[in-house]
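*Asks:* Have a look at this one.
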Amino acid sequence: MNESIIDFVYREDVFSFMVRHAQYTESFADDKDVVVAQTLAGRYDICYTEDKNEGMIRKTLGTGAISSASILLGIDSTLHLEAAGITAVASQPYLDLSGQGVIIGFVDTGIDYTQDIFKYEDGSSKIISIFDESQKSYNPPEGFNVGTEYTNEQINAALASSNPYDIVPQRDTSGHGTFLASVAAGRKDIDDFSGAAPDSEIIVVKLRTARKFYRKLYAIPDNIEDVFESNAVMVGVEYIVQKARQLKKPVVICLGLSSNSGSHDGYSLFEEYLGGVSNLRGVCLCNACGNECQARHHMSGRIEKGSKTAN
Numbered sequence: 247m248n249e250s251i252i253d254f255v256y257r258e259d260v261f262s263f264m265v266r267h268a269q270y271t272e273s274f275a276d277d278k279d280v281v282v283a284q285t286l287a288g289r290y291d292i293c294y295t296e297d298k299n300e301g302m303i304r305k306t307l308g309t310g311a312i313s314s315a316s317i318l319l320g321i322d323s324t325l326h327l328e329a330a331g332i333t334a335v336a337s338q339p340y341l342d343l344s345g346q347g348v349i350i351g352f353v354d355t356g357i358d359y360t361q362d363i364f365k366y367e368d369g370s371s372k373i374i375s376i377f378d379e380s381q382k383s384y385n386p387p388e389g390f391n392v393g394t395e396y397t398n399e400q401i402n403a404a405l406a407s408s409n410p411y412d413i414v415p416q417r418d419t420s421g422h423g424t425f426l427a428s429v430a431a432g433r434k435d436i437d438d439f440s441g442a443a444p445d446s447e448i449i450v451v452k453l454r455t456a457r458k459f460y461r462k463l464y465a466i467p468d469n470i471e472d473v474f475e476s477n478a479v480m481v482g483v484e485y486i487v488q489k490a491r492q493l494k495k496p497v498v499i500c501l502g503l504s505s506n507s508g509s510h511d512g513y514s515l516f517e518e519y520l521g522g523v524s525n526l527r528g529v530c531l532c533n534a535c536g537n538e539c540q541a542r543h544h545m546s547g548r549i550e551k552g553s554k555t556a557n
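Residue 247 is where the sequence shown starts when you use my numbering, and the numbers rise one by one after that.
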C-alpha cells in the first residue's frame, strides 16, 4: 500500500470491520490486503480494506462476519432533568452530588465549547480535551491513527481569542452532543440552569460521520447526517478510557446513540467490547435505549381477510 494508514482509513471506499486480536492477525492482514489500524483494549483489531474486498472478507470470516462488520448508529432523542428525576436528587442537601472529581465523557456529535456553561468562573474551560475524529491529522493522539486532539490549553487559548475556531475548529453542527453535555455536566448559568453534575470535568469525542460505502450498504438517505460507524464509536470510547486512566479519575461515558442493526444477542464484537468496558473499575458506561419512538421502526395492525394491505 503506497498511501499512509491515516490517508487510507479516511477514504470513502473503505470497508471497516473488527477481529479479535490473535497471532494470526498480521499474516491474515498481509494475505487479504487488510490494514490493521488499531488494537482496542488489547483484544480487538480495527481493520480496513477496500470495499471491493468486502465479499472476500465476509467469506473468509464466515459466520463471524456478522459480528465483525461495522453497523451504523444514529442519535437518540433527549429528555429533561425534571423528567429524569435529576433535579430532585441534586437538591438533596445530604447527598452533595455535584460530580466533583469525576470525568464525564461524551461520544457524540461534538460540543460547542464556547458556551458559558462549559466554563469556570474565571472563564477557563472545564473540558479536558476534545478528540475530533472527523478532522484528519498526521499527528493524531498517541496510540491512535485517526482524528485530531485539542487539549485544555488549546481550548482556553481559543476562548481567549477573538476568533476561537481559528485555534480549535471543532464544531457541533447538530447540537445533540452539546445538549447532552449541558444536561449532564453544564455549570449553573444566569437563568439558574444547571446540569446533573456541574462540578465534573468533560472529555468529548466528535464522531466522524459514516462513509459513503456504509451509507449505501445500509440505504441511508443523503439528507441524514448524524449516522456513525460502530468502529468509530469504539475508538472514541477507548480514547476516553485511556484519558481517564492517565488522569487517574473515575469516568462516566455517555453514548446517546442507538441502532436497529447488529446481532441483538449481545455477542457481536461491538457489544462485547462495550460490555468489557462497562466492567472496568472506575468506568460507568451509559447507553441510551428506546428513544427512537418517532422513527416508527415497529408497528402493529390488522389485515382483514381478503385484503392485501392495511393502513
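Note that beta-carbon positions come from the ideal geometry of N, C-alpha and C, so glycine has one too.
Please report the distance separating the alpha-carbon of V497 from that of D358.
*Replies:* 21 Å
*Asks:* Relative to the C-alpha of F364, which residue among A443, C500, E388, T419 is closest?
*Replies:* Checking every option, the nearest Cα to that of F364 belongs to A443.
*Asks:* Report yes if the C-beta distance between V414 and A404 is below 8 Å; otherwise report no.
*Replies:* yes
*Asks:* What would DSSP say about E296, mapped onto helix, strand or coil?
*Replies:* strand
*Asks:* Name the residue from E296, T285, D362 whose alpha carbon lies nearest to the alpha carbon of H435.
*Replies:* The residue asked about is misnamed: residue 435 is Asp in this sequence, not His. Residue nearest to D435 within the set E296, T285, D362 is D362 (criterion: CA-CA distance).
*Asks:* In its own chain, which residues sit with a C-beta less than 6 Å from the C-beta of A431, not counting the 5 before and 5 after it?
*Replies:* I350, G441, A443, S446, I448
*Asks:* Taking just the CA atoms, how far does E395 sit from V280?
*Replies:* 26 Å
*Asks:* Which residues does DSSP pair with K365 in a beta bridge?
*Replies:* According to DSSP, which records beta bridges pairwise, K365 is partnered with S371.
*Asks:* Say yes only if the C-beta of F425 is nearer than 7 Å to one or more non-hydrogen atoms of the ligand HEM, and no if none qualify.
*Replies:* The ligand HEM is absent from the structure shown, which contains no ligand whatsoever.
*Asks:* Do E475 and S314 come within 8 Å of each other at the CB atom, strictly closer than that value?
*Replies:* Not a contact, by the Cβ cut-off of 8 Å.
*Asks:* CB A456 to CB L501, shorter than 8 Å?
*Replies:* no
*Asks:* Hey, how far is the Cα of R289 from the Cα of T271?
*Replies:* 11 Å
*Asks:* Less than 8 Å between the CB atoms is what I'm expecting for K495 and V265, so what's the real figure, rounded?
*Replies:* Their Cβ separation, rounded to whole angstroms, is 32 Å, which puts K495 and V265 out of contact at 8 Å.
*Asks:* State the DSSP-derived secondary structure class of E475, mapped to helix, strand or coil.
*Replies:* Here DSSP, grouped into helix, strand and coil, assigns E475 to strand.
*Asks:* With distances taken Cα to Cα, identify the nearest neighbour of R454 among N385, Q381, G521.
*Replies:* Q381
*Asks:* Per DSSP, what kind of secondary structure is S407 in: helix, strand or coil?
*Replies:* Here S407 sits in coil by DSSP.
*Asks:* Please say whether S505 and G301 have beta carbons closer to each other than 8 Å?
*Replies:* Taking a C-beta distance under 8 Å as the contact criterion, G301 and S505 do not qualify as a contact pair.
*Asks:* Work out the CA separation of Q400 and N469 for me, nearest whole Å.
*Replies:* Looking at the two C-alpha atoms, the distance is approximately 33 Å.
*Asks:* Considering only the beta carbon of each residue, do Q416 and D472 sit closer than 8 Å?
*Replies:* Taking a C-beta distance under 8 Å as the contact criterion, Q416 and D472 do not qualify as a contact pair.
*Asks:* Around the C-beta of R548, are 16 or more other C-beta atoms found within 10 angstroms, so that it is buried, or is it exposed?
*Replies:* Flag for R548 reads exposed.
*Asks:* Look up L453 in the DSSP assignment and say whether it is helix, strand or coil.
*Replies:* Looking at L453 - three-state DSSP - the assignment turns out to be coil, as it is neither helix nor strand.
*Asks:* Counting along the chain, where does the beta strand (DSSP E) carrying G421 start and finish?
*Replies:* Looking at the DSSP string, G421 is not in any beta strand (DSSP E), and its letter there is neither H nor E.
*Asks:* Answer yes or no: do N402 and S375 have a C-beta to C-beta separation smaller than 8 Å?
*Replies:* Going by C-beta atoms, N402 is not nearer than 8 Å to S375.
*Asks:* Starting from the C-beta of F516, find all residues in its chain whose C-beta is less than 6 Å away, skip the five residues before and the five after it, and write them out in chain order.
*Replies:* S476
*Asks:* Would you identify the three-state DSSP class for G441, choosing helix, strand or coil?
*Replies:* coil
*Asks:* Can you name the start and end residues of the alpha helix (DSSP H) that I395 belongs to?
*Replies:* Note that residue 395 is Glu in the sequence shown here, rather than Ile. E395 -> not in any alpha helix (DSSP H); beta strand (DSSP E) instead, spanning 394 to 397.
*Asks:* Can V451 and F352 be called in contact, C-beta distance under 8 Å?
*Replies:* yes
*Asks:* From which residue to which residue does the alpha helix (DSSP H) around S250 run?
*Replies:* Here S250 belongs to no alpha helix (DSSP H), and DSSP marks it neither H nor E.
*Asks:* Does the Cβ of R491 have 16 or more other Cβ atoms within 10 Å, making it buried, or fewer, making it exposed?
*Replies:* exposed
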